[in-house]
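Colleague:
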Amino acid sequence: MGNKPSRQEFVLHAPTEFSEGLVRHLKESPETDTSRWMDMEGYIQERVQTELKKLQDRQRKVIDVLMDEEWKQNNELEKQSEGSLNSNLLKNEFAALRDKLEKESTAHQSIKSETLKEIESTRSDLFACMSENADRSLLCRPFAEKFVALTSAFKENSSDS
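The sequence shown: position 120 = 428 (the numbering used here), numbered continuously.
#1: Classify Phe455: buried if its beta carbon has 16 or more other beta carbons within 10 angstroms, exposed otherwise.
#2: Is the beta carbon of Leu424 less than 8 Å from the beta carbon of Phe451?
#3: Out of Ile352, Leu447, Asn383, state which residue places its alpha-carbon closest to the alpha-carbon of Cys437.
#4: How is the alpha helix (DSSP H) around Asp443 delimited, first residue to last?
#5: Note down the Cα distance separating Leu363 from Gly350, rounded to an integer number of angstroms.
#6: CB Ile494 to CB Phe402, shorter than 8 Å?
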């Protein structure tokens, strides 16, 4: 407060005039601020690209070394476990079991669809018989027994699988 300013003021003690040679050089120079900036940006990008390439090469070498070591370890493990199962044998066995299961599943589904068709035809025969012989339902007893036998067998097979 008072006589002294609250903020410090900086006073330039150097001359603010530039030499004639510097002024002439800047006027005659074809470079502009933009061209200097673009040159500097190009230089920086070039340096970044070279550094990135170096890092990628170094990373590639490290990965190659690690893969070689892993390959050697896997070969040693395969030699040690030659008598036992390895991943390729297990993979082939798994594929064979999957194929067998798919074949059984398709066979089971075809049998199931045939059984359902037979049940449906027996049901329609039973309904036809019941509608023709509404007052004499005992005549339809063979159709009813066949229908009951088929449905119970189908239920047992469905609960087993």
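Ideal placement from N, C-alpha and C gives every residue a C-beta, glycine not left out.
Modeller: Taking the structure as given:
#1: buried
#2: no
#3: Leu447
#4: No alpha helix (DSSP H) contains Asp443, which DSSP labels as neither H nor E.
#5: Leu363 and Gly350 have their C-alpha atoms roughly 20 Å apart.
#6: Residue numbering for the chain in the displayed model covers 309 to 469; residue 494 lies beyond these limits and cannot be assessed.
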